[in-house]
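In my numbering, the protein residues as written are 0 to 1243.
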């Protein structure tokens, strides 16, 4: 890599542009050049510009980074001390740093770093910087983000930022410190110089990984020791108990299911009984509802019969409404004809008045024509006069505006001159007042830099003081913690002894319990309890079946006897029904004849017969019953009573037959069901007997009465249950002791872990106290160094202060003091600059005021002339307007003429409209008179149609009454017709629903009674509900007991199985973690350490060997006398002096010049090591020359000449006069006023 140019603008003290072009003379031919200038002039800023241009950061800004500190920036912003943008010069709005170079690819490139302030104002806030990379051959910029551009720059250069600073900016000063450093500090210094901090982090990481692996292995072993595993034979015993309990649970579940089926039969029977009752209630409700709706149905039938009259009634109503409307229209037409006649007479009078108005307007128009002609002439004259007045006004206003404008300019200039002179006096007074502080104003930048350095030193000393105070507090806490940890270790030892004693006590209690004997006894008693419980259930079922068999036989016998009795009664009812049927038919024929004789129309015809006239029916002239026959009515009444009695008797007989038939059917079904149930019952009883015999009751039961067997079985079951519970309680106590023993073991393990942790913490606490004490001593020494530097910096700044006490003010608030100092310097410079500007502005204003006064005199004369011209024009206009006012009051002639014409036309138009209206009115009257005649004719015809419809409706009502219906009038008919067709439909459906509900209720009742009977037959052998409920409670209790014991056994088995799996998995994990921990332990023994020292030492020994390989090559080129070697097993160096027969010398015996050569060789070696795949042709040295004596300086110059002879261009940054006198090509950084510096390339 080769640097071609370094450019920049407004960077720190370098104001404006500066360029170092290594492609032009004299820098092109110079192998060594010096960058010279006084301290603080900006020499190192050139190197900052190079680093900023390439990487966007520089060593000085990186070193200044400090968290939590912000510096004020711009108007209201802030910026961190380590921000590279702070290099922008104060008072500058923008700046840049650029560097051109030859890259790895042989192409010329230029990288440019640019920064600016907001709105390009010096007071604006700093904006984000930009970075641009351009290929100087193609002139094409690299397109990408800042991060991508930085990566591309590193690729083109072949170095990153750290490698660049080690390769191009030689660090021989760091190597000088390394040669003189103590043994423990050498690794840290070499690590910092070479950038190999990664090895310390690896060492710490290996140490932590090893500790974590050991802790993980210990954790898995502790967890494995806490797992409880089954004893020998314990698993087989539990499995046997599980099988026994499972068999008992299965038998009890079957018994419970059978009991639940019986309870379900009782629940369904209750539901069916309830459903039958509900169906019977609904049937009674439907019959009552249908009986109550009898009047409603009669009314509905009447409404249906009169529906044929609806069209006739509607036509009659419409005809009446139409007739009323036509009568009204006829009356209205007659009124309008009368009113139209009166209006026509009034219109004729209005027409005569309009004709007179037309004559008057014609005469007025003829008289006004001469006056209109004169008015037009006067209007033309007035237009010309007004135009002249307007021109005169414009001229006057122009002259006035110009005069006023000049007066305003004059007043403004005079005011500006007055303010300028006042400002001049104030500025001169301020400068005279501040004259004693001129030195501060002109050297503000230097003073600020000294004060900032002093502030930084003081701040570091304050921070160190705070750290030391915190260290004292931490030391006290650590001492207190040390005492606490020692007490904790003692307490854990005591707790461990107590836990051991308790564990032994529980072990003795567990050994006293016979676990295997109790487990076997519990299993046997549980099996016997299940067996006796099943025997009792079987015997109770056998007893219930025998009782049911006896009851069922009695029911079948009863049904057969009842069936024989009801069949005889049914036959008698059938014979009686035939007799009633014959008598009812005879009575019906006689009743029909009697009703015919007493009919209403027959009575009416008899009432119309006259003596001597022939009867229209029989032709007889003799009418003995013309006034009615009372015997006929008496006979009719008797026959109706007889017919009703016979109908009731027949209905009662039919219903009785139906009941008897239904009852007989019920008895037959009951007999059939009973017979079938008896067969099933016998089979079930036989099966239950076989089950009972399968239990082998033996002679013990034969000696006892059968009535006591159930109670004896219950007592025996209870004895086995109590024995099993006692065994389980003892086993539960054993399990509780086992759990407690496991808990104690876990507590002992936790106690051991806690004791170990406390011991480790105590060791760490003691180590921390030692480390803290050593570091405290180091920081106290560093604090004293910073305080000394601060005093020196304040003394160098105090030269420019003439008043005492400034140091106290600065100490109160350094930032405020510095800001005021900078503000004062800026004010001093701006006041001087402003004083020079005021002198020029004063001369310009005096000249402008003189010219303005001359122009004001000219404009005043022009304004007077314009006012005279305006006055004459206005007088002439006034005379003409007075004469014109006498004609038509000043109105325009065209307007007057138009008004006269409009008035005449209006009168003519009105006359024409009136005449047209008269003609239209005459035609309308004739038309209305014709319409009135037609309306009267139509009215007569409508009245005839209305009468016809009225007669038709009257005839229909008479026929309706004659047909035997209720006589109706027209009003009653209209009331009945108010019921709509929709109402009729709804009423018909509602009455139909009542009848359907009745039929549905009868069907539902029959169906429910049949279902109830079927259900009762299906459950003949089902025990009573209370007995089933009691048996279910007892069975579920026994089942819960068996399930609990079975669950407990299965839980123990599952726990053992899970523990076995866990133990296996933990053993595999233990093996895996043991291998991992062993590997990390070996690696930790080789490389790991808590502070990273072990691997750092190894890596730095290797790094130093490689570095010395490169350094010796460069040392041979600088001087063939010396060679460097590493003292075996350390990081210390020794020198082989070839001129002294390969004498071994300590680096501490080297002179100043020899140390410089060795350090320079090491720095060049580091540069070669950092850039081993490329050649660095440009080097910079920014340290080390100020402390060399003349002889050593001569040796250093000889070494630099040798570097030049190697083809490298070396830039030496120094302010040492002897050094710069020996280098012909110089880059001079010259300090100027106000903290500015300039850059100049010269050849001495």
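The beta carbon of each residue, even a glycine, is placed where N, CA and C say it ideally should be.
Note on geometry: alpha-carbon atoms of residue 483 and residue 470 lie some 20 Å from one another. Sorting 439, 421 and 367 by C-alpha distance to the C-alpha of residue 820 places 439 at the top. For residue 34, the enclosing beta strand (DSSP E) stretches over residues 31-35. By the Cβ-count criterion, residue 9 is buried, with 16 or more other Cβ atoms from all chains shown falling within 10 Å of its own Cβ.
Below 8 Å, enough C-beta pairs join the region 367-374 and the region 881-889 to call them touching: three or more.
Pairing residue 659 with residue 677, the inter-Cα distance amounts to about 26 Å.
Rounded to whole angstroms, the gap between the alpha carbons of residue 955 and residue 961 is 10 Å. Excluding residues up to 5 positions away in sequence, 934 lie with their Cβ nearer than 7 Å to the Cβ of residue 328 in the same chain. In the structure shown, residue 914 falls within a helical segment according to DSSP collapsed to helix, strand and coil.
Nearest to residue 262 by alpha-carbon distance, out of 1032, 1079, 1124 and 1221, is 1032.
Looking at the backbone, the Cα of residue 381 and that of residue 896 are separated by about 19 Å. The C-beta of residue 143 has fewer than 16 other C-beta atoms within 10 Å across all chains shown, which makes the residue exposed. Sequence-distant Cβ neighbours of residue 873 in its own chain, meaning closer than 6 Å and more than five residues away, are 388. In the three-state DSSP reduction, residue 937 falls in the helix class (H, G or I). Pairing residue 98 with residue 34 gives a Cβ-Cβ distance that is not under 7 Å.
When the Cα atoms are used, residue 925 and residue 919 turn out to be separated by approximately 10 Å.
DSSP, read as helix, strand or coil, puts residue 9 in strand. Collapsing the DSSP output to three states places residue 703 in coil.
Proximity to residue 1081 across 167, 1139 and 208 peaks at 208, based on C-alpha coordinates.
Of the residues assessed, residue 681 falls on the exposed side of the cut-off, its CB having fewer than 16 other CB atoms within 10 angstroms. In the structure shown, the three-state DSSP call for residue 1142 is strand. Cβ-Cβ separation between residue 527 and residue 719: approximately 4 Å, consistent with a contact (criterion under 8 Å). Of the candidates 69, 45 and 23, the residue whose Cα lies closest to the Cα of residue 814 is 69. A distance below 6 Å between beta-carbons, with the five flanking residues on each side excluded, links residue 474 to the following residues of its chain, in chain order: 771. Rounded to the nearest angstrom, the gap between the Cα atoms of residue 43 and residue 1178 is 14 Å. Only residues of its own chain outside the window of five on either side were considered, and among them 517 have a CB closer than 6 Å to the CB of residue 730, listed in chain order. Under the three-state reduction of DSSP, residue 203 is assigned to helix. By the Cβ rule, the region 39-57 counts as touching the region 1220-1232, because three or more pairs are nearer than 8 Å. Look at residue 1237 here: in three-state DSSP terms it is strand.
When the Cα atoms are used, residue 550 and residue 673 turn out to be separated by approximately 10 Å.
In this structure, DSSP gives residue 1058 a helical state, which the three-state scheme calls helix.
By the criterion of at least three beta-carbon pairs nearer than 8 Å, the region 965-985 is in contact with the region 294-310. The DSSP-derived three-state label of residue 788 is helix.
Spatial neighbours of residue 861 in its own chain (CB-CB distance under 7 Å, excluding positions within 5 residues in sequence) are listed in chain order as 398. Per DSSP, the unbroken beta strand (DSSP E) holding residue 1227 starts and ends at 1224-1230. Counting along the chain, residue 133 sits inside the beta strand (DSSP E) bounded by residues 129-134.
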